[in-house]
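Q: Below are the structure tokens for one structure; questions will follow.
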């Protein structure tokens, strides 16, 4: 019974934890500009993150090593350090976006300027990282994040023309205001939002934090293979809401209020309250995950003692790293930069940095010295190699597309 | 000397430039400790064009996923192991003694 409960809890937190500011903003932007015609990218991204998390979770459970310990071992110090630099940069950028997202959501709830919420949100993130037990932190944030299911409820209440949404998704209807280049730019952004590298650093380091063993492989697999696709479905509901309400009215998403506007239309004031709770939980949870991921990456690479299972005094450099990252995020946000803009860039840069961590994990998931008999099977290798090609193409195409489309303008 | 200082250095033999140090090969004689206390440097892996290692694909037992194994096998072509005793000096370049042996780099 306890085991079933653990699996159910894991799945629920995976759903709630899947959506972060990147998914919220990018899906709403894409829905409002392209309708459901980029829904296929969410499906492709979800399959990708399932593969990636499944491999890194298996490596963590069997070898007891998390992502950046492996990257250091397999790539060596120089290529590893370049990899670390890029990955930490993207993670801190995502952390900045998440802290900004918390502040924007609190502004929606209170009307108080986000600039006042930013230091408070970052302080709360630090306090939770410092004090709260790993499992409690993960479960509470994930379960509260489930409030975002209200996007699905709203979509039903809005009563869209389902046939039209299906046509948009399957037949690639034209978008007079858009060019093929912006279509592909947002395809990469959406792919980066679904396959964010920090999710994998967090997932594999979390496996070590929770002392996974071979016996936990089934639970971890269920969390990934059920939780993430349902999280992806939630992403599609966000896009669906935007496609139903914002697209016909020609409203572009450049603020969080526009992302949640369809919920207010579909589910009224109560829906709006629930969605704001969900957005705060999802962005706050993701801020915890990204803050920890930056600490995990640096500490694992440098061989420092790390983990929330240790008291902060026993992992001082790990905790100091996270404090510095949070301070950097706050300073960036206090310049007045728009968190939505940071989010839009962070998802594209996530796609650019993805091969750096995907390749070493794919290599090690095939290495019997790390995972013994649990190496990738043939089918897994076939699919994950196709994804390696896909990830490389997305990473290479991202910057030229960013320049040509002026970041999707 | 730090291993980091050796990796990627050009390697020169009596017949001219041989390539670059792509990796260092160790043997663990005793039981492996957390700090590799019992590891001994056997020699350097010299690769013709590439300065980076082969991500573990120098082991013949690791052959999947096939496209990656094929790619790294191609990159390894022409690479070889020079034993530590065949290394004459290391400064800006690694010099190899005359009469050295090119051992297979595969494991």
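Residue numbers (this note's numbering), protein chains in the order written: chain A, 1 to 409; chain B, 410 to 516.
The beta-carbon is built from N, C-alpha and C at its ideal position, and this holds for glycine as well.
Please read these numbers as outputs of a predicted model, since none were measured by experiment.
1. Can you tell me the Cα-Cα spacing of residue 413 of chain A and residue 201 of chain A, whole angstroms?
2. Go ahead and pull the three-state DSSP assignment for residue 412 of chain B.
3. Taking buried to mean at least 16 other C-beta atoms within 10 Å of its own C-beta, is residue 93 of chain A buried or exposed?
4. At what residue ranges does the stretch 262-340 of chain A contain a whole run of the alpha helix (DSSP H), taking only runs of 4 or more?
5. Looking only at DSSP bridge pairs, what is residue 419 of chain B linked to?
6. Using the C-alpha atoms, what's the distance from residue 255 of chain A back to residue 342 of chain A?
7. Mind checking the stretch 70-90 of chain A against chain B and listing, in chain order, the residues whose C-beta falls within less than 8 Å of any C-beta there?
8. Could you tell me whether the stretch 89-105 of chain A touches the stretch 322-335 of chain A, where touching means 3 or more Cβ pairs closer than 8 Å?
9. With the cut-off set at 8 Å, would you say residue 490 of chain B and residue 473 of chain B are in Cβ contact?
10. In chain B, which residues lie less than 8 Å from residue 381 of chain A when you measure between Cβ atoms?
11. Specify, as a first and last residue, the run of the alpha helix (DSSP H) that residue 504 of chain B falls within.
12. Which value, in whole angstroms, describes the spacing of the CA atoms of residue 312 of chain A and residue 84 of chain A?
13. Take residue 193 of chain A and list the residues in its own chain whose beta-carbon comes closer than 6 Å to its own, dropping the five residues that flank it on each side.
14. Rounded C-beta distance between residue 220 of chain A and residue 81 of chain A? I'm assuming under 8 Å.
15. Residue 454 of chain B bridges to which residues according to DSSP?
16. Would you say residue 310 of chain A and residue 299 of chain A are within 8 Å of each other, going by their C-beta atoms?
17. What's the gap between the Cα of residue 453 of chain B and the Cα of residue 414 of chain B?
18. For the stretch 332-401 of chain A, list the alpha helix (DSSP H) runs that are entirely contained and at least 4 residues long, ordered along the chain.
19. Is the shortest distance between the beta-carbon of residue 367 of chain A and the beta-carbons of chain B less than 8 Å?
20. What in chain A is Cβ-close to residue 461 of chain B, meaning under 9 Å?
21. Which of the three DSSP states is assigned to residue 178 of chain A in this structure?
22. Residue 404 of chain A: buried (16+ other C-beta within 10 angstroms of its C-beta) or exposed?
23. How about residue 416 of chain B and residue 76 of chain A: are their beta carbons less than 8 Å apart?
24. Less than 8 Å between the beta carbons of residue 291 of chain A and residue 306 of chain A, yes or no?
25. If you check the beta carbons only, do residue 99 of chain A and residue 287 of chain A fall under 8 Å apart?
26. Under 7 Å between beta-carbons, which chain A residues line up against residue 465 of chain B? List them in chain order, please.
27. Using a 10 Å radius around the Cβ and a threshold of 16 neighbouring Cβ atoms, would you call residue 355 of chain A buried or exposed?
28. Can you pull the chain B residues whose beta carbon is under 8 Å from the beta carbon of residue 384 of chain A, in chain order?
29. Using DSSP with H/G/I as helix, E/B as strand and the rest coil, what is residue 526 of chain B?
30. On the DSSP bridge list, what partners appear for residue 512 of chain B?
31. According to DSSP, is residue 424 of chain B helix, strand or coil?
32. Find out if the Cβ-Cβ distance for the pair residue 67 of chain A, residue 155 of chain A is shorter than 8 Å.
33. What does the alpha-carbon distance come out to for the pair residue 234 of chain A and residue 148 of chain A?
34. Let me check understanding here. Comparing Cα to Cα, which of A:279, A:35, A:322, A:44 lies closest to residue 162 of chain A?
35. By DSSP, does residue 251 of chain A sit in helix, in strand, or in coil?
36. Report yes if the C-beta distance between residue 367 of chain A and residue 462 of chain B is below 8 Å; otherwise report no.
A: Inspection of the coordinates gives the following:
1. The structure shown does not extend to residue 413 of chain A, since chain A spans only 1 to 409, so no value can be given for it.
2. The DSSP-derived three-state label of residue 412 of chain B is helix.
3. Within a 10 Å sphere around the beta-carbon of residue 93 of chain A sit 16 or more other beta-carbons, which makes this residue buried.
4. The stretch 262-340 of chain A contains these whole alpha helix (DSSP H) runs: 316-334.
5. Paired residues: B:429.
6. Spanning the two alpha carbons is a distance of roughly 12 Å.
7. If the cut-off is 8 Å between Cβ atoms, the stretch 70-90 of chain A has 74, 75, 76, 77, 78, 79 near chain B.
8. They touch, by the three-pair rule.
9. Cβ atoms of residue 490 of chain B and residue 473 of chain B: not closer than 8 Å.
10. Residues of chain B passing the Cβ test: 473, 474, 475.
11. Where residue 504 of chain B is concerned, there is no enclosing alpha helix (DSSP H), although the beta strand (DSSP E) it sits in stretches over 503-505.
12. Between the alpha carbons of residue 312 of chain A and residue 84 of chain A lies a distance of about 23 Å.
13. Cβ within range, chain order: 22, 23, 26, 347.
14. 29 Å between Cβ atoms; not a contact.
15. Looking at the DSSP assignment, residue 454 of chain B forms a beta bridge with B:432, B:490.
16. Residue 299 of chain A is positioned such that its CB atom lies no closer than 8 Å to that of residue 310 of chain A.
17. When rounded, the distance between both Cα atoms is 13 Å.
18. For the stretch 332-401 of chain A, whole alpha helix (DSSP H) runs of length 4 or above, ordered along the chain, are 339-364, 368-371.
19. True, the Cβ-Cβ gap to chain B drops below 8 Å.
20. Simply 75, 76, 78, 79.
21. Three-state DSSP puts residue 178 of chain A in coil, outside helix and strand.
22. That one is exposed.
23. Between residue 416 of chain B and residue 76 of chain A, the gap from beta carbon to beta carbon is short of 8 Å.
24. The answer is no: Cβ separation not under 8 Å.
25. The Cβ-Cβ distance between residue 99 of chain A and residue 287 of chain A falls below 8 Å.
26. Those within 7 Å of residue 465 of chain B in chain A are 74, 363, 367.
27. Around the beta carbon of residue 355 of chain A, 16 or more other beta carbons lie within 10 angstroms, which makes this residue buried.
28. Neighbours of residue 384 of chain A on chain B, chain order: 474.
29. The question about residue 526 of chain B has no answer here: the residues shown for chain B are numbered 410 through 516.
30. DSSP lists B:490 as partners of residue 512 of chain B.
31. In the three-state reduction of the DSSP assignment, residue 424 of chain B falls in the coil class, being assigned neither a helical nor a strand state.
32. Taking 8 Å as the cut-off, the Cβ atoms of residue 67 of chain A and residue 155 of chain A do not count as close.
33. For residue 234 of chain A and residue 148 of chain A, the distance between alpha carbons rounds to 8 Å.
34. It is A:35 whose Cα lies nearest to the Cα of residue 162 of chain A.
35. The answer is coil: DSSP assigns residue 251 of chain A none of H, G, I, E or B.
36. At least 8 Å separates the beta-carbon of residue 367 of chain A from that of residue 462 of chain B.
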